[in-house]
Amino acid sequence: QVQLVESGGGLVQTGGSLSLSCTASGRTFRSYTWGWFRQAPGKEREFVGSVNSSGGRTDIADSVKGRFTVSRDSAKSTMYLQMNSLKPEDTAVYYCAVRTALNEYDYWGQGTQVTVSS
């Protein structure tokens, strides 16, 4: 069974940091782009960042640029999201995903809650 499992979410104060992980099982997804998304209550899911298959290129949403970084360890089938200088508006469920189809993320994790208190 192929699974993506996020971990590392929790409650943090404004200005704090959190590190999320996403680990794949059942398949390595080594040759594919991985991404992070988030969805806040009452809002649509939005792209946060992604990392390509080699780990050499990342794309970061403007809303988190300079504060969040995405990386991966293909040997561990794991992707990371380092979140610094967190703001209350970063509060959301964070999802990891893998893009094996053309321009479509087709494998998703179950999500992990991040709450930033003011």
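Heads up, the sequence shown is in the working numbering, so the first residue is 508 and it goes up one at a time.
Backbone N, C-alpha and C fix where the C-beta goes; we use that ideal spot for every residue, glycine too.
Just so you know, these numbers come straight off a predicted model, no measurement behind them.
Close beta carbons around residue i, own chain, < 8 Å, minus the five adjacent residues each side
i	result
Ser624	Leu518, Val519, Gln520, Thr521, Pro595
Ser578	Val558, Gly562, Thr565, Met586, Tyr587, Gln589
Residues near residue i in its chain [Cβ-Cβ closer than 6 Å; skip 5 each side]
i	result
Ser514	Ser528
Contact set for residue i: own chain, Cβ-Cβ below 7 Å, skip 5 residues either direction
i	result
Ser592	Gly522, Arg574
Thr622	Leu518, Thr598
Reference residue i; option with closest CA among the options
i	options	result
Cys603	Glu553, Gly563, Ser570	Glu553
Arg545	Ala608, Ser557, Thr565, Ala582	Ser557
Thr619	Gln508, Gln510, Gly516	Gly516
Leu525	Thr576, Gly549, Asn610, Val605	Thr576
Val600	Thr535, Glu551, Ser581, Arg537	Glu551
Ser560	Tyr614, Arg537, Gln508	Arg537
Exposure of residue i, with buried meaning 16 or more beta-carbon neighbours within 10 Å
i	result
Ala531	buried
Gly666	Beyond the ends of the chain as shown, which are 508 and 625, falls residue 666; an answer cannot be given.
Leu609	exposed
Val509	exposed
Local conformation of residue i per DSSP, three classes
i	result
Asp569	coil
9 Å Cβ cutoff met for residue i and residue j
i	j	result
Val555	Trp541	no
Thr535	Ser570	no
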